[in-house]
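**Student:**
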Amino acid sequence: MGKIQQSVISSTNLKFTTPSRCFMGVLFAVAFIFCQPAYGSQPHHTEKSSFFLPGKSFHVKACDRLDGKGEAGEKTHMEPEDSQNPPAVAQVQESGAWDRMYCQNTPPGDYDPQTTAYGLQSVATAPTVATSPASNVTHNSASLHGTVNANGLSTTAWFQYRIANGPSKSTFATQTVIGTIDAEIGIRIIMLLPGTTYYYRLVAKNDAGTTYGSEVSFTTADINTSVTTEITPPIGAISINSGAYCTNSFTVTANLSATDNTGVTGYYLSTNATPPSQYTTGWMSTTPATTYKEDVTYTISNGDGRNMVYVWYKDASGNISDAAAASIVVDTTPPIITITDPTSDQTYTTKSNVVSISGSASDDINEISSVVWIHDKDTSGTERKTIGWTVPNIGLVKGENVITIKATDSVGNTGTATITITYAEVDATPKVITGHATSITTDLATLSGTVNAMGLPATAWFQYGTSSEHYSGTSSIQSIENGLHEVPVSNRISGLQAGTAYYYRLVAQNSAGATYGNEITFNTLPPKGNIYGNVVSFLKEGPVESAKLQLKGTKARKKSFKVTFSDAHGFFEFKDLDADTYDITVTKTDFKSMSQTVEIEEGERKKIGIILQKTKEEDKGPPKDVKSDQQKTNETSQMHD
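Counting from 281, one number per residue, gives the positions in the sequence shown under the numbering used here.
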């Protein structure tokens, strides 16, 4: 028995095609698939109009009932068993919408509806449809509503409606929807029967398929009953925060009220003046009442300033009122408060035990209602003058006093300004002593000293430079605890010039002022020198490897002594040498030892050449030109410069 394949297109497959239906088929087997139903039956959706199956001869049958019975269209296709490229089978030509499609091998036998066909999913997406309740229903007309999401494809929408056990009708007018958001669909149908229940649904179709909304019903008015269409909209009003002019919150209370002869059923609040339809998202339902009154919470989103809030009311007949509106000023910005006296700075030091503070306060929207001062030492008070205010004779305690000025506007927004005032009975500036520099190198030095903060928080740093009382450098800043004892301070500075005199001092500052320590000088170490060169053989004129070189200072107070060995190229180097005269002794097995004296200045880098002679070589004939050999040795040593 053949197997149903997953939509694989091949020249050896048989193709079933239906514009708005679905087909299936299996070679020498039977299969079925659910298809779109006729209106009134349980819907089964398919999302593809054709698929391919391997096969040669079969019989296909379509029916509009789930039990395989009912009106059907049939098509038979016969091919020789050895045919390799059978043609596509023509579609079943019937106008109905089929619930199932059957296929059986030939010669005919019983139809089997139990085999499932696969591979019918579409790469596109059919529309999404929702049917909404009808409105404005009279004895012979009604307005139908729903929403359609086209899912990105151009989509056509219409309504189907019928009475119980009656034929279905479609609205002549269609609407086109494009996009990926829900779109409202509506149409008014007329020439309906009075006192009759109608069933309707919204239908939408695009290239990916057709989708049917759920079925909704309505009943037209009985013509024998005295019925009039209610078209009078509600009459409504609104106020915000009971008519307040201003608020400091974006969340307000909307005071709603409306009347309607059939009953108010909902309201719609917005800061946008565009009227809503009765199907616009955002309507809030209410208990139907001819007189409606309620206070509801509403959030304004347009920022500070005057904000308009609009409200619409609707009744049970779908009538919508004219807009009612109210405004309120939103002010969430705190007042601006400024201290101008005794200083506009944030800190101030005085030797008096009282101080007067003055300044100004302002607000962009509302008036300043009060100015309050608060002293962190448990005193406070209120200044009655608000725009230009003065707080006189605030008592101070020794040390730091934090004074906070707080201004409040008429809606409760608060702004603050703070000043720290230090009351010093005596000189409370730090006590500073500059210490000696230590750990001095050619480019580094550690500076030290002590600071007494005099009971106030303080900071300290070093100033230094190459000229007395002219300081081009500053060390990092250190915090000093607010005690009354000496605190050691040190800082290692870098980037100094070798062999240079530096001048420095320690500086400390607290809220009472700054103090500069005494100036001290130090000298960085002079730059170091190098002696380097090559050791070569006298006769072979080649480099001498592993020759031992000993260097010893002769004149400096601190006499250096160093040992090194020549490398494979005969190269050697003595580094970090002070200015001095040095004796260099060179020894090597099978070579005669030799010595050489070299003098270098501070920071000098001097190159020399050393020639060794074999101990077994005899003095035959005149020796080679030593000057020439020395020149060659120096040329060899240049490889290591």
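Cβ coordinates follow ideal geometry from the N, Cα and C atoms, glycine included.
All values reported here derive from a predicted model rather than from experimental measurement.
Using a Cβ-Cβ cutoff of less than 8 Å, which residues in the same chain neighbour Ser747 once the five nearest sequence positions on both sides are dropped?
**Tutor:** Contacts found: Tyr783.
**Student:** Measuring CB to CB, does Asn504 end up less than 8 Å from Thr460?
**Tutor:** In this structure, Thr460 does not lie closer than 8 Å to Asn504 by Cβ.
**Student:** Leaving out five residues before and five after Glu882 in sequence, what residues of the same chain have Cβ atoms less than 6 Å from its Cβ?
**Tutor:** If we look at Glu882 and ignore the five residues flanking it on each side, its Cβ neighbours are Pro806, Pro807 and Ala859.
**Student:** Is DSSP giving Gly523 helix, strand or coil here?
**Tutor:** Helix at Gly523.
**Student:** CB-CB under 7 Å to Lys835, same chain, minus the five flanking residues each way: which ones, in chain order?
**Tutor:** Asp860 and Thr861, listed in sequence order.
**Student:** Pick helix, strand or coil for Val532, following the three-state DSSP scheme.
**Tutor:** Val532: strand per DSSP, three-state reduction.
**Student:** Can you name, in chain order, every residue of its own chain whose Cβ lies under 8 Å from the Cβ of Lys912, other than the five neighbours on each side?
**Tutor:** Caution is warranted here: a pLDDT of 43 is assigned to Lys912, below 50, making its placement in the model unreliable, and the coordinate value is therefore given only provisionally. So the qualifying residues of the chain are Val816 and Glu821.
**Student:** According to DSSP, Phe498 sits in a beta bridge with which residue or residues?
**Tutor:** The partner list for Phe498 (beta bridge, DSSP) reads Tyr478.
**Student:** In or out: Gln626 buried (at least 16 other Cβ within 10 Å) or exposed?
**Tutor:** Exposed is the call here.
**Student:** Classify Ser846: buried if its beta carbon has 16 or more other beta carbons within 10 angstroms, exposed otherwise.
**Tutor:** Classification for Ser846: buried.
**Student:** Taking buried to mean at least 16 other C-beta atoms within 10 Å of its own C-beta, is Ser601 buried or exposed?
**Tutor:** Under this definition Ser601 is a buried residue.
**Student:** Can you have a look at Ala311 and say buried or exposed, based on whether 16 or more other CB atoms are within 10 angstroms of its CB?
**Tutor:** In this prediction, Ala311 has a pLDDT of 31, which is less than 50 and means its spatial position is unreliable; what the coordinates show is noted afterwards. When all chains shown are included, Ala311 counts as buried.
**Student:** Report all residues from its chain with a CB closer than 8 Å to the CB of Ser840; omit the five preceding and five following residues, and keep chain order.
**Tutor:** Closer than 8 Å at Cβ, skipping near neighbours: Leu831, Lys832, Gly833, Leu857, Asp858, Asp860 and Tyr862.
**Student:** What do you get for Asn771, buried or exposed, if any count of 16 or more other CB atoms within 10 angstroms of its CB means buried?
**Tutor:** When all chains shown are included, Asn771 counts as buried.
**Student:** Taking the straight line between their C-alpha atoms, what separation do you get for Thr630 and Tyr703?
**Tutor:** So the two alpha carbons sit approximately 5 Å from each other.
**Student:** Please state whether the Cβ-Cβ distance between Thr739 and Ile760 is less than 8 Å.
**Tutor:** A contact, by the Cβ cut-off of 8 Å.
**Student:** Select from Tyr478, Met588, Thr722 and His716 the residue whose C-alpha is nearest the C-alpha of Ala444.
**Tutor:** Out of Tyr478, Met588, Thr722 and His716, Tyr478 has the C-alpha closest to the C-alpha of Ala444.
**Student:** Flag this pair as yes or no: are the beta carbons of Thr804 and Leu776 separated by less than 8 Å?
**Tutor:** Cβ atoms of Thr804 and Leu776: closer than 8 Å.
**Student:** Taking the alpha-carbon positions, what's the Asn521 to Ile580 distance?
**Tutor:** Each residue's Cα considered, the two are about 12 Å apart.
**Student:** Around the Cβ of Pro447, are there at least 16 other Cβ atoms within 10 angstroms (buried) or fewer (exposed)?
**Tutor:** By the neighbour-count rule (16 or more Cβ atoms within 10 Å), Pro447 is not buried but exposed.
**Student:** Identify whether Phe841 lies in helix, strand or coil by the three-state DSSP scheme.
**Tutor:** Correct three-state label for Phe841: strand.
**Student:** Under the three-state reduction of DSSP, which class applies to Ser550: helix, strand or coil?
**Tutor:** Three-state DSSP puts Ser550 in a strand.
**Student:** Pair every Cβ in the segment 708-725 with every Cβ in the segment 796-803, then say whether three or more of these pairs are closer than 8 Å.
**Tutor:** Touching, yes.
**Student:** Taking DSSP as the reference, what is the three-state secondary structure of Ile760?
**Tutor:** Looking at Ile760 - three-state DSSP - the assignment turns out to be strand.
**Student:** Taking His655 as part of the beta strand (DSSP E), name the residues at either end of that continuous run.
**Tutor:** Per DSSP, His655 belongs to the beta strand (DSSP E) from Ile648 to His655.
**Student:** Do the segment 488-496 and the segment 542-558 make contact, defined as three or more Cβ pairs closer than 8 Å?
**Tutor:** Judged by Cβ distances under 8 Å, the segment 488-496 makes no contact with the segment 542-558, as fewer than three pairs qualify.
**Student:** Just to confirm before moving on: does the CB-CB distance between Gly475 and Thr500 stay below 8 Å?
**Tutor:** Yes, the pair counts as a contact, with Cβ atoms nearer than the cut-off.
**Student:** Let's test the definition: count the other Cβ atoms within 10 Å of the Cβ of Pro407 and tell me whether it reaches 16, buried, or not, exposed.
**Tutor:** Classification for Pro407: buried.
**Student:** Are the Cβ atoms of Asn541 and Thr512 separated by less than 8 Å?
**Tutor:** Cβ distance < 8 Å, so Asn541 and Thr512 count as in contact.
**Student:** For Asp863, list the residues DSSP reports as bridge partners.
**Tutor:** Asp863 pairs with Lys832 and Thr877.
**Student:** Please look up how many angstroms separate the CB atoms of Glu647 and Ser690, rounded, as I've assumed it's under 8 Å.
**Tutor:** Going by Cβ atoms, the distance from Glu647 to Ser690 rounds to 5 Å, so yes, they are a contact pair.
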